[in-house]
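Just so we're aligned, residue 7 is where the sequence shown starts under the working numbering, counting upward by one.
Below: the structure, in structure tokens.
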Amino acid sequence: MAEKPTIFILNGPNLNLLGLREPDIYGHETLDDIADSLEDRALELNVAVDIRQSNHEGHLIDWLQEAQAVKAKAVILNAAAYTHTSVAIYDAIRAISVPVIEVHLSNPHAREFFRHKSYVGEAALGTISGFGAKSYLLALDAAAKL
Ligand code: DQA
Numbered sequence: 007m008a009e010k011p012t013i014f015i016l017n018g019p020n021l022n023l024l025g026l027r028e029p030d031i032y033g034h035e036t037l038d039d040i041a042d043s044l045e046d047r048a049l050e051l052n053v054a055v056d057i058r059q060s061n062h063e064g065h066l067i068d069w070l071q072e073a074q075a076v077k078a079k080a081v082i083l084n085a086a087a088y089t090h091t092s093v094a095i096y097d098a099i100r101a102i103s104v105p106v107i108e109v110h111l112s113n114p115h116a117r118e119f120f121r122h123k124s125y126v127g128e129a130a131l132g133t134i135s136g137f138g139a140k141s142y143l144l145a146l147d148a149a150a151k152l
């Protein structure tokens, strides 16, 4: 049987604290809760998901390069605060041919001015933000249909 296409779902700094961290902004679901619903949806979509989180910028870059090396179908990336600061992540997205979908739980454009700039968004195929944990599911639907 042919292997299922794999979609990397990469999460940046402080997202390990989801559920505890500013729940009025990010909701009450933990990253494990979100991972469970992504696994369920992946089964329905007949894709495999590889879900990771790191507080370190370089890990996200290594994983973007790995996505290319293993020919992942797509990457869903919530780079969290690195979204707004990281030229290195911008370069990594530009360096690979795997499509990257930017995701955020909140809508950064409706928040502080420093969140309006997105290096990730300038290199990504598209962005889904503002739907809480559902942003990830919407991104997975989009990624599976690419
Ligand atoms: C976030 C938005 C970022 O501005 C913030 O730094 C995060 C989370 C989101 O998912 O809403 O850590 O990426």
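By construction, the Cβ of each residue, glycine as well, lies at the ideal position given by its N, Cα and C atoms.
Please read these numbers as outputs of a predicted model, since none were measured by experiment.
Spatial distance of residue i from residue j (CA atoms)
i	j	result
residue 29	residue 89	20 Å
residue 106	residue 92	15 Å
residue 22	residue 37	6 Å
residue 67	residue 95	6 Å
residue 64	residue 49	30 Å
residue 17	residue 35	15 Å
residue 147	residue 141	10 Å
residue 150	residue 117	30 Å
Nearest-angstrom Cβ-Cβ length linking residue i and residue j, presumed shorter than 8 Å
i	j	result
residue 143	residue 60	22 Å between Cβ atoms; not a contact.
residue 145	residue 102	Between residue 102 and residue 145 the Cβ distance is about 17 Å, and since that is not below 8 Å, they are no contact.
residue 25	residue 138	In fact, because the Cβ distance is near 12 Å, the residues do not count as touching under 8 Å.
Residue i classed as buried or exposed, judged by whether at least 16 other C-beta atoms fall within 10 angstroms
i	result
residue 111	buried
residue 113	exposed
residue 124	buried
residue 31	exposed
residue 70	buried
Same chain, Cβ closer than 6 Å to residue i, neighbours up to 5 away in sequence not counted
i	result
residue 57	15 and 41
Same chain, Cβ closer than 7 Å to residue i, neighbours up to 5 away in sequence not counted
i	result
residue 45	55
residue 27	20
residue 115	122
residue 104	73, 74, 78, 80 and 81
Beta-carbon contacts of residue i that lie in its chain and below 8 Å, excluding the five residues immediately before and after
i	result
residue 108	83, 84, 85, 89, 124, 126, 127, 130, 132, 133, 134 and 135
residue 47	143, 146 and 147
Check whether the region 133-142 and the region 71-81 touch, using three or more Cβ-Cβ pairs below 8 Å as the test. no
Could you check whether the region 7-18 touches the region 37-54, counting it as contact only if at least three pairs of C-beta atoms, one from each stretch, sit closer than 8 Å? yes
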